[in-house]
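Colleague:
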Amino acid sequence: MSIRQQIPPVLTLALPLILAELGWMSMGIVDTIMVGHMANPALAISAAALGQVLYNTIAFGIAGILLGLDTYLSQSHGAGRFEEANRWLLHGLILAAGLALTLILIILCAPALMLRLPIDHAVLTGSVAFLGALNYGTPALFLYFTLRRYLQAFNHVRPIAVALVTANLINVCGNWLLIYGHAFGPFHIPALGVTGAGLATSFSRCYLALFMVIALWRIERRHQYGLRSMARHFEPRRLRRLALLGAPAGGQIFVEISIFGMVTFLIGVMGRLPLAGHEIALNCASFTFMVPFAISAAAAVRVGQAIGRKAPADAASAGWAAILLGAGVMACFSAVLLLFPHAIAASFTADRDVIAATIPLLFVAAIFQFFDGLQITATGSLRGAGNTHAGLVVQIVGYWIIGLPIGYLFGFRLHYGAVGLWLGLCAGLIVAGTTLTLIWRHTTKKLKSSTVTQEPLTTIH
Numbered sequence: 001m002s003i004r005q006q007i008p009p010v011l012t013l014a015l016p017l018i019l020a021e022l023g024w025m026s027m028g029i030v031d032t033i034m035v036g037h038m039a040n041p042a043l044a045i046s047a048a049a050l051g052q053v054l055y056n057t058i059a060f061g062i063a064g065i066l067l068g069l070d071t072y073l074s075q076s077h078g079a080g081r082f083e084e085a086n087r088w089l090l091h092g093l094i095l096a097a098g099l100a101l102t103l104i105l106i107i108l109c110a111p112a113l114m115l116r117l118p119i120d121h122a123v124l125t126g127s128v129a130f131l132g133a134l135n136y137g138t139p140a141l142f143l144y145f146t147l148r149r150y151l152q153a154f155n156h157v158r159p160i161a162v163a164l165v166t167a168n169l170i171n172v173c174g175n176w177l178l179i180y181g182h183a184f185g186p187f188h189i190p191a192l193g194v195t196g197a198g199l200a201t202s203f204s205r206c207y208l209a210l211f212m213v214i215a216l217w218r219i220e221r222r223h224q225y226g227l228r229s230m231a232r233h234f235e236p237r238r239l240r241r242l243a244l245l246g247a248p249a250g251g252q253i254f255v256e257i258s259i260f261g262m263v264t265f266l267i268g269v270m271g272r273l274p275l276a277g278h279e280i281a282l283n284c285a286s287f288t289f290m291v292p293f294a295i296s297a298a299a300a301v302r303v304g305q306a307i308g309r310k311a312p313a314d315a316a317s318a319g320w321a322a323i324l325l326g327a328g329v330m331a332c333f334s335a336v337l338l339l340f341p342h343a344i345a346a347s348f349t350a351d352r353d354v355i356a357a358t359i360p361l362l363f364v365a366a367i368f369q370f371f372d373g374l375q376i377t378a379t380g381s382l383r384g385a386g387n388t389h390a391g392l393v394v395q396i397v398g399y400w401i402i403g404l405p406i407g408y409l410f411g412f413r414l415h416y417g418a419v420g421l422w423l424g425l426c427a428g429l430i431v432a433g434t435t436l437t438l439i440w441r442h443t444t445k446k447l448k449s450s451t452v453t454q455e456p457l458t459t460i461h
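Going by the numbering used here, the first residue of the sequence shown is number 1, and it counts up by one from there.
1) Output the distance between the C-alpha atoms of LYS310 and LEU362, rounded to the nearest integer angstrom.
2) What residue ranges within the stretch 32-112 form continuous beta strand (DSSP E) runs of no fewer than 3 residues, ordered along the chain?
3) Taking a contact to mean a Cβ-Cβ separation below 8 angstroms, would you say ILE253 touches GLY64 in this structure?
4) Kindly confirm or deny that the stretch 101-110 and the stretch 165-182 touch, where touching means at least three C-beta pairs closer than 8 angstroms.
5) Please report how far the alpha carbon of PHE368 lies from the alpha carbon of PRO248, in whole angstroms.
6) Just verifying my parser: in three-state terms, what is the DSSP assignment at PRO456?
7) Where does ILE119 fall in DSSP's three states?
8) How should LEU339 be labelled, buried or exposed, when 16 other C-beta atoms within 10 angstroms of its C-beta is the threshold for buried?
9) Quick one: what's got a C-beta closer than 8 angstroms to ILE7's C-beta in the same chain, skipping five residues either side?
10) Assuming VAL269 is part of the alpha helix (DSSP H), what are its boundary residues?
11) Return the residue from the list SER317, VAL364, GLN375 and LYS445 that minimises the CA-CA distance to PRO9.
12) Please state whether DSSP places HIS461 in a helix, a strand or coil.
13) Give the DSSP-derived three-state secondary structure of SER127 in the structure shown.
14) Which whole runs of the alpha helix (DSSP H) in the stretch 341-425 are 4 residues long or more, in chain order?
15) For TYR207, which of helix, strand or coil comes out of DSSP?
16) Please report the straight-line C-alpha distance between ALA191 and LEU414, rounded to a whole angstrom.
17) Taking all protein chains shown into account, do 16 or more other C-beta atoms lie within 10 angstroms of the C-beta of THR12, making it buried, or fewer, making it exposed?
18) Mind checking whether GLY261 and VAL53 have CB atoms under 8 angstroms apart?
19) Can you tell me the Cα-Cα spacing of ILE62 and GLY373, whole angstroms?
20) Return the CA-CA distance between PHE371 and LEU423, expressed in angstroms with no decimal places.
21) Mind checking which residues open and close the alpha helix (DSSP H) that includes PHE145?
22) Around the C-beta of SER296, are 16 or more other C-beta atoms found within 10 angstroms, so that it is buried, or is it exposed?
23) Beta-carbon separation of LEU208 and TYR150 under 8 angstroms?
24) Is LYS448 helix, strand or coil when you go by DSSP?
25) For SER334, which of helix, strand or coil comes out of DSSP?
26) Would you report the Cα separation of GLY246 and GLN75, rounded to the nearest angstrom?
27) Taking just the CA atoms, how far does LEU141 sit from MET212?
28) Is the stretch 428-441 in contact with the stretch 389-397, if contact means three or more CB pairs nearer than 8 angstroms?
29) Can you tell me which of the three DSSP states ALA298 falls into?
30) For the structure I just gave you, are there three or more beta carbon pairs, one from the stretch 146-164 and one from the stretch 69-84, closer than 8 angstroms?
31) Cutting at 8 angstroms between CB atoms, please list the residues of its own chain near GLU235, excluding the five before and the five after it.
32) Is the beta carbon of ALA110 less than 8 angstroms from the beta carbon of LEU43?
33) Short check: CB of LEU348 to CB of THR32, under 8 angstroms?
34) Using CA coordinates, which residue listed in ILE107, TYR399, ARG352 and LEU282 is at the minimum distance from GLY428?
35) Out of VAL329, HIS278 and ILE3, state which residue places its alpha-carbon closest to the alpha-carbon of ALA47.
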């Protein structure tokens with residue numbers, strides 16, 4: 001299939017995932033909007049920002065190890081080896097349980113370090129409470145993440161979208177009840193503020209996990225993939241292979257999210273107002289990022305399935321189709337951020353100072369949208385081909401060796417503040433997007449010239 005012919009099937013797979021990812025990101029945005037209408041919006045938004053950034057940095061870095069399932073599940077599906085895919089799912093669940101326990105322990109210990117940071121104490125206190133509330137949903141988050149890999153690898157993406165959309169309704173209702181507090185006759189729900197937003201998110205994640213379990217059970221009954229009859233013995237070698245393939249993918253996510261975490265910390269030192277503006281702009285950039293992120297998941301599946309059925313040319317064209325789609329949609333988002341920055345910022349809060357702090361950051365976000373689309377869709381294509389190392393190396397260099405020093409120079413030495421730090425992020429994304437696209441170009445040449453085996457092609461680098 002040509003690149004043009006690959007666009008419809010990639011879109012068919014990606015569209016429900018886009019809806020799901022936008023729904024996922026909407027939870028954080030809703031939290032920010034609803035705490036942004038509390039009595040002290042700068043304090044509330046800043047507290048939620050620190051808690052979200054710390055949790056997401058650690059959680060998605062650890063959970064990213066499970067992205068190795070994309071390669072094994074999609075290639076097993078493409079080869080028609082359903083029993084093999086089921087065995088990978090089983091070991092993915094075992095790995096997820098261990099990873100969830102690790103995250104829970106880390107979050108429990110985090111406040112001891114957080115309260116020592118040189119940031120407004122009121123902000124730190126609120127963020128610690130928010131973080132603790134999020135931790136209740138950790139086991140559900142990892143269960144959802146694992147079952148989702150299986151469903152999308154088998155092309156069942158609609159339940160994922162439905163789950164995220166309905167979970168947002170639960171999150172909105174939970175926020176309304178728990179942030180502001182309400183009385184229903186003799187029943188009184190206290191106003192928990194920022195903590196209530198974290199609890200609402202945890203409830204939503206529990207709902208997501210339950211929805212995934214029910215969806216998988218119904219799909220198994222309809223299609224008979226053999227989940228109920230599969231062998232359930234533990235294979236340490238399989239678990240080790242999954243962890244080794246997924247670790248670089250998790251490392252890449254950690255590197256990417258942690259640079260935003262570092263920037264959040266540096267901006268937090270500047271005060272509540274810059275931090276509040278940063279949180280709103282980061283929510284916007286993260287929201288637009290969810291579209292190419294979903295396309296990258298579709299790319300991993302399409303590339304992996306093509307390799308599984310020994311069609312390297314199809315794998316190459318599927319990857320390029322995803323990259324073009326991701327870059328194109330992000331160019332459109334760039335135009336939106338440039339044309340409507342005030343309206344976007346004002347939708348989060350009515351505080352004029354916070355809006356003024358947000359608008360310049362939205363302009364910087366508009367600059368790097370295109371390259372953000374390139375880097376994540378190229379990463380997904382590479383993951384489908386079994387290459388989880390390239391993204392890790394490129395992002396370490398792009399973000400930490402190039403981007404962060406540039407951001408520090410502009411932010412602190414040249415006194416551009418938060419805008420300067422975001423310019424550093426912009427430089428890192430330009431490097432990452434350009435480099436990973438070139439690596440995928442090199443990979444497609446190897447794909448077309450290689451002899452595809454039954455095992456996942458984890459050697460195509």
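Every residue, glycine too, gets a C-beta built ideally from N, C-alpha and C.
Modeller: If we stick to the structure as given:
1) 44 angstroms
2) none
3) yes
4) no
5) 24 angstroms
6) Here the model assigns PRO456 a pLDDT of 44, short of 50, so the residue's position is not dependable, and the following value carries that caveat. Coil.
7) coil
8) exposed
9) ALA321, LEU324 and LEU325
10) 236-270
11) SER317
12) With a pLDDT of 39 at HIS461, under the threshold of 50, the modelled position of this residue cannot be trusted; read the value that follows with caution. Three-state DSSP puts HIS461 in coil, outside helix and strand.
13) helix
14) 341-346, 352-384, 390-395 and 404-408
15) helix
16) 43 angstroms
17) exposed
18) yes
19) 23 angstroms
20) 13 angstroms
21) 138-153
22) buried
23) no
24) helix
25) helix
26) 15 angstroms
27) 11 angstroms
28) yes
29) helix
30) yes
31) ARG87 and HIS91
32) no
33) Looking at the sequence provided, one finds Phe at residue 348 rather than Leu. In this structure, THR32 lies closer than 8 angstroms to PHE348 by Cβ.
34) TYR399
35) HIS278
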